[in-house]
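Peer 1:
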Amino acid sequence: MMEQRDVLKINRQLLMLTRQMAQDMEAAELMTGLPKAAIEKIASLDMDEIEELAETVGVSLYTLRFSDPAFSRLLQMPREARSTYAEAAIVGNSRGGATFP
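Every number in this note's numbering is 701 more than the matching position in the sequence shown, counting from 1.
(1) Please report the residue range of the alpha helix (DSSP H) in which Arg834 lies.
(2) Which value, in whole angstroms, describes the spacing of the CA atoms of Leu754 and Leu735?
(3) Give me the residue from Asn712, Leu731 and Leu718 with the minimum Cα distance to Thr757.
(4) Here's the rule I'm using: 16 or more other beta-carbon atoms within 10 Å means buried, otherwise exposed. How should Thr764 be labelled?
(5) For a test of the three-state rule: what should DSSP assign to Asp724, helix, strand or coil?
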């Protein structure tokens with residue numbers, strides 16, 4: 702049942718990071734991929750509520766935010782270019798701008 706423990710840890714980390722980042726909503730939306738309403742709800746949770754949610758949700762709350770072509774391109778890029786490409790792809794796609802292959 703190692704996989705389930707891993708999912709619990711990942712969810713706990715995402716929820717805690719989101720709660721901490723909620724002070725800067727724009728950064729929280731960009732970094733987590735969550736909508737503002739979800740970030741606000743997570744920000745209102747106390748540690749016990751975060752732990753309970755992480756333990757009981759049963760599936761990963763993380764999602765991959767790239768299309769298959771964009772993710773393949775990201776993997777092929779030099780290490781130093783990945784962060785810039787990823788941020789540009791996410792920001793461009795979320796604002797209805799150019800989509801990145």
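No residue lacks a Cβ here, since even glycine has one placed at the ideal position from N, Cα and C. Fair warning: this is a prediction, and the values are worked out from it, not measured in the lab.
Peer 2: Considering the structure as presented:
(1) Since the first residue shown for the chain is 702 and the last is 802, residue 834 is missing from the structure and cannot be characterised.
(2) Counting from one through the sequence shown, the residue named residue 754 turns up at place 53. Counting from one through the sequence shown, the residue named residue 735 turns up at place 34. C-alpha separation (whole angstroms): 16 Å.
(3) Residue mapping note: residue 757 aligns to position 56 of the sequence shown, counting from 1. Answer by Cα proximity: Asn712.
(4) Along the sequence shown, read from residue 1 onward, the residue named residue 764 stands at position 63. Counting Cβ neighbours within 10 Å, Thr764 comes out exposed, since fewer than 16 surround it.
(5) Counted from its first residue, the sequence shown places residue 724 at position 23. What sits at residue 724 in the sequence shown is Gln, not Asp. Note: Gln724 maps to coil in three-state DSSP.
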